[in-house]
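Peer 1:
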Amino acid sequence: MTAAVLLENVFKFYKNIPVVNDLSFAIAPGEIFALLGPNGAGKSTTIRMLTTLTKPSQGHLEVAGYDVVKQPIQAKQSIGVVLQQTSVDGDLSVWENMELHGRLHHIANPQRQRLINQWLEYVELADRRDDLVKTLSGGMKRRLQIARALLHRPQILFLDEPTVGLDPQTRRRLWEIIRDLNKQGMTMLLTTHYMDEVEYLCGAFEGTRPGRIGIMDSGKLITLGTLQQLRSAHGEGLVMKQLGIAEAGNDSARRWEYLFFPSLEEANTYLNQQPDKTGMMVRSSNLEDIFVELTGRQLD
Numbered sequence: 103m104t105a106a107v108l109l110e111n112v113f114k115f116y117k118n119i120p121v122v123n124d125l126s127f128a129i130a131p132g133e134i135f136a137l138l139g140p141n142g143a144g145k146s147t148t149i150r151m152l153t154t155l156t157k158p159s160q161g162h163l164e165v166a167g168y169d170v171v172k173q174p175i176q177a178k179q180s181i182g183v184v185l186q187q188t189s190v191d192g193d194l195s196v197w198e199n200m201e202l203h204g205r206l207h208h209i210a211n212p213q214r215q216r217l218i219n220q221w222l223e224y225v226e227l228a229d230r231r232d233d234l235v236k237t238l239s240g241g242m243k244r245r246l247q248i249a250r251a252l253l254h255r256p257q258i259l260f261l262d263e264p265t266v267g268l269d270p271q272t273r274r275r276l277w278e279i280i281r282d283l284n285k286q287g288m289t290m291l292l293t294t295h296y297m298d299e300v301e302y303l304c305g306a307f308e309g310t311r312p313g314r315i316g317i318m319d320s321g322k323l324i325t326l327g328t329l330q331q332l333r334s335a336h337g338e339g340l341v342m343k344q345l346g347i348a349e350a351g352n353d354s355a356r357r358w359e360y361l362f363f364p365s366l367e368e369a370n371t372y373l374n375q376q377p378d379k380t381g382m383m384v385r386s387s388n389l390e391d392i393f394v395e396l397t398g399r400q401l402d
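Residue numbers for the sequence shown follow the numbering used here, beginning at 103 and rising by one.
Rendered as structure tokens:
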């Protein structure tokens, strides 16, 4: 089966500094894939290379079977892109933004009108079709970006930090849209630095396979797998031992030693064997624990 997205030994240098460093992975058709990492990890640069917005310094990238460097037009016709920055025109109406995008992709009428109506209904913006975009909330603008990205019926949807700056309720609504699109068979690659976002979007839901998670740090892919695969590889049980507090009075700055065990039961057995349990606790491991273990720091 041909990969929907393929990267082989990809590098991107800025002033001789590798912001993407020997990156390789493949995404299967219909898969949801999340790149997780802190700001500066190389996630957005990876998206920009895959969407033809910047060229790689070295390596090979494909989307929908097209080489993004040698076949950029075909590649762009196969993808939809939702960038972190708001990219819709605030001085145009919701409908006009969709109409402009449809014309740029040479979608003829009456199909163009039907698709605009379809996607505005889908993202719950049909009743705002005549409103100027600058009057919309941040969440509405992001939903419009998704509708616009889907208008030309792409095979793959790229989302760069899709919920950054949004309130919790709006984030949850966007998560539901993303999950539903994936359930319909849309291949999706998203970048984020939110742990809860990755755990939800790449979790195991009835009727869908779990998505995979790639953790990036300093331009490198340091681990890859489903959430369950990552937990199994690093340990599903966790013993945390408090080592101290980084700054007096700052409870959020507690420093911990993490001890992973294959199961929660084994973690509890270890704790019960300790003569002094002060400052120790046991719980199931999560994605944040794995990230801290791999990178040595928390994800802000």
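Don't be surprised by glycine CBs; every beta carbon is placed ideally from N, CA and C.
What are the boundary residues of the beta strand (DSSP E) that includes residue 116?
Peer 2: It spans 107-116 - the beta strand (DSSP E) in which residue 116 sits, taken as one unbroken run.
Peer 1: Starting from residue 151, trace the alpha helix (DSSP H) both ways and give me its first and last residue.
Peer 2: Counting along the chain, the alpha helix (DSSP H) containing residue 151 begins and ends at 145-152.
Peer 1: For residue 383, does the count of other Cβ atoms within 10 angstroms reach 16, so buried, or fall short, so exposed?
Peer 2: Answer is exposed; the Cβ neighbour count stays below 16.
Peer 1: Measuring straight from C-alpha to C-alpha, what distance separates residue 185 and residue 111?
Peer 2: Roughly 24 Å separates the two Cα atoms.
Peer 1: Using the Cβ count rule (16 or more neighbours within 10 Å means buried), how would you classify residue 294?
Peer 2: Flag for residue 294 reads buried.
Peer 1: Below 8 Å, can you find three or more Cβ-Cβ pairs linking the segment 325-339 to the segment 142-158?
Peer 2: The segment 325-339 is not in contact with the segment 142-158.
Peer 1: Which of the three DSSP states, helix, strand or coil, is assigned to residue 285?
Peer 2: Helix.
Peer 1: My output table needs one value for residue 124: the three-state DSSP class, helix, strand or coil.
Peer 2: Residue 124: strand per DSSP, three-state reduction.
Peer 1: Where does residue 180 fall in DSSP's three states?
Peer 2: Three-state DSSP puts residue 180 in coil, outside helix and strand.
Peer 1: Smallest Cα separation from residue 139: which of 297, 304, 281?
Peer 2: Among 297, 304, 281, the Cα nearest to that of residue 139 belongs to 297.
Peer 1: Going by DSSP, what residue range makes up the beta strand (DSSP E) through residue 314?
Peer 2: Counting along the chain, the beta strand (DSSP E) containing residue 314 begins and ends at 314-319.
Peer 1: Beta carbon of residue 190, beta carbon of residue 231: below 9 Å?
Peer 2: No, these two residues do not count as a Cβ contact at 9 Å.
Peer 1: Can you check whether the CB of residue 264 is closer than 9 Å to the CB of residue 180?
Peer 2: No, Cβ-Cβ distance for residue 180 and residue 264 is not below 9 Å.
Peer 1: Following the continuous beta strand (DSSP E) through residue 253, name the residue where it begins and the one where it ends.
Peer 2: No beta strand (DSSP E) holds residue 253; DSSP gives it neither H nor E.
Peer 1: Whose C-beta lies closer than 7 Å to the C-beta of residue 350 among residues of the same chain, with five residues either side of it excluded?
Peer 2: The predicted position of residue 350 is uncertain, since its pLDDT is 49 and thus under 50; no value can be drawn from it.
Peer 1: What do you reckon, are the CB atoms on residue 258 and residue 288 nearer than 9 Å?
Peer 2: In this structure, residue 288 lies closer than 9 Å to residue 258 by Cβ.
Peer 1: Compute the Euclidean distance between the alpha carbons of residue 243 and residue 344, then round it to the nearest angstrom.
Peer 2: Distance between the alpha carbons of residue 243 and residue 344: 43 Å.
Peer 1: From which residue to which residue does the alpha helix (DSSP H) around residue 226 run?
Peer 2: Run containing residue 226: none; DSSP gives neither H nor E here.
Peer 1: Using 10 angstroms around the beta-carbon of residue 178, count the other beta-carbons present and answer buried if the total reaches 16, otherwise exposed.
Peer 2: Answer is buried; the Cβ neighbour count reaches 16.
Peer 1: Spatial neighbours of residue 141 within its chain, please: CB distance less than 7 Å, with the 5 preceding and 5 following residues excluded, ordered by chain position.
Peer 2: For residue 141, where only same-chain residues beyond five positions count, the Cβ hits under 7 Å are 295.
Peer 1: At the level of alpha carbons, what is the spacing between residue 149 and residue 167?
Peer 2: If you take the alpha carbons of residue 149 and residue 167, they lie about 16 Å apart.
Peer 1: Spatial neighbours of residue 268 within its chain, please: CB distance less than 8 Å, with the 5 preceding and 5 following residues excluded, ordered by chain position.
Peer 2: Cβ neighbours of residue 268 beyond the five flanking positions: 240, 241, 244, 276.
Peer 1: Going by beta carbon distance, what residues of the same chain come within less than 7 Å of residue 394, once the five residues before and after it are set aside?
Peer 2: The answer, listed in chain order, is 360, 400.
Peer 1: Can you pull the DSSP bridge partners for residue 322?
Peer 2: The partner list for residue 322 (beta bridge, DSSP) reads 319.
Peer 1: Under DSSP, the alpha helix (DSSP H) around residue 330 begins and ends at which residues?
Peer 2: Taken as a continuous stretch (DSSP letters only), the alpha helix (DSSP H) holding residue 330 covers 329-336.
Peer 1: Which class does residue 371 belong to by DSSP, given the choice of helix, strand or coil?
Peer 2: Looking at residue 371 - three-state DSSP - the assignment turns out to be helix.
Peer 1: Chain C beta carbons: is any one of them nearer than 9 Å to that of residue 148?
Peer 2: Protein chains in the displayed structure number just one, and chain C is not present.
Peer 1: Would you tell me roughly how many angstroms separate the C-alpha atoms of residue 385 and residue 133, rounded to the nearest one?
Peer 2: Near 30 Å, if we compare the C-alpha coordinates of residue 133 and residue 385.
Peer 1: Taking the alpha-carbon positions, what's the residue 128 to residue 104 distance?
Peer 2: Roughly 10 Å separates the two Cα atoms.
Peer 1: When the Cα atoms are used, what is the spatial distance from residue 326 to residue 305?
Peer 2: Between residue 326 and residue 305, the C-alpha separation is close to 14 Å.
Peer 1: Quick one: what's residue 262 bridged to in DSSP?
Peer 2: Looking at the DSSP assignment, residue 262 forms a beta bridge with 293.
Peer 1: Are residue 77 and residue 261 touching if we call contact CB-CB under 9 Å?
Peer 2: The requested residue 77 does not occur in the structure, where the chain is confined to residues 103 to 402.
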